[in-house]
Amino acid sequence: MERKSQKIDFVGTAAERYKMKMESQIRQNYHNDCEAAINRMINMEMFASYTYTSMAFYFSRDDVALPGFAHFFKENSDEEREHADKLLSFQNKRGGRIFLQDIKKPDRDEWGNGLEAMQCALQLEKTVNQALLDLHKIASNKVDPHLCDFLETHYLNEQVEAIKKMGDYVTNLTKMDAVKNKMAEYLFDKHTLGGHS
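Start counting the sequence shown at 27; every next residue gets the next number (this note's numbering).
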């Protein structure tokens, strides 16, 4: 009697094996909508970092030469990048999958004067804050207390403080008439933002 050998596939079809690679064994109470919103938020934070990098190096140009503004925007760029890194780590910690998207180029390459750039930065912070609030709402609706706590601990208050600080800077630059009075812009750069060559 001839014995036929049968190949037993313990892990299923190729499609099933691929799906097993994509699914996480640690994922629990992590809704797909939260996962997708985190991926969008990562992109938003990277865009903010990219925009602040553009601002920083604009103000460090030899024909602009405002080192305080350059330093301020570079610090903001680094902070936004750190925010993206925290979200990337969170996504992995929860068993989500990271799907990076193209980072949009800032709308401009020239940032004008300090007041104009600070107004753009203030609007950017408000846009990021709204995206975080939208993410928090999704997390609340999907009953994800861990994500809500993460956002409240690491992002929401910090965003409000950044908005307040930039709003104060816009007010002071406006009061000083820094657009017309370049000495006022220089003094703001030096004394408020700590600029030195």
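Each residue gets a CB set at the ideal place from its N, CA and C atoms; glycine is no exception. Values in this document were obtained by computation on a predicted structure and should not be read as measured data.
| Item | Value |
| --- | --- |
| Can you list, in chain order, the stretches of the alpha helix (DSSP H) that have 4 or more residues and sit fully within the region 117-166? | none |
| Does the beta-carbon distance from Leu150 to Val196 come in below 7 Å? | no |
| Buried or exposed: which applies to Thr153, given that a residue is buried once 16 or more other Cβ atoms fall within 10 Å of its Cβ? | exposed |
| Counting pairs of beta carbons, one from the region 158-167 and one from the region 61-73, are three or more of them closer than 8 Å? | yes |
| In angstroms with no decimal places, state the Cα-to-Cα distance between Thr218 and Phe95. | 10 Å |
| Nearest to Ala157 by CA position, among His172, Leu177 and Gln145, is which residue? | Leu177 |
| Assign Ala91 to one of three DSSP states: helix, strand, or coil. | coil |
| How about Val265 and Asn139: are their beta carbons less than 7 Å apart? | Summary: the structure shown does not reach residue 265, with the chain confined to residues 27 through 223, and so no result is reported for it. |
| With 16 as the cutoff for other CB atoms within 10 Å, does Asn207 come out buried or exposed? | exposed |
| Assuming contact is defined by CB atoms lying nearer than 7 Å, are Glu101 and Ser75 in contact in what I supplied? | no |
| Looking at the ligand SAM, does it come within less than 6 Å of Lys130, judged from the CB to the closest heavy atom? | The ligand SAM is absent from the structure shown, which contains no ligand whatsoever. |
| Is Arg87 buried or exposed, if buried means 16 or more other CB atoms sit within 10 Å of its CB? | exposed |
| Comparing C-alpha positions only, which one of Asn167, Lys168 and Ala110 sits nearest to Phe125? | Ala110 |
| Which of helix, strand or coil does DSSP assign to Ile52? | coil |
| Work out the CA separation of Asn55 and Ile166 for me, nearest whole Å. | In the sequence under discussion, the amino acid at residue 166 is Ser, which differs from the Ile named in the question. So the two alpha carbons sit approximately 12 Å from each other. |
| Is His172 helix, strand or coil by DSSP? | helix |
| Is Met67 helix, strand or coil by DSSP? | helix |
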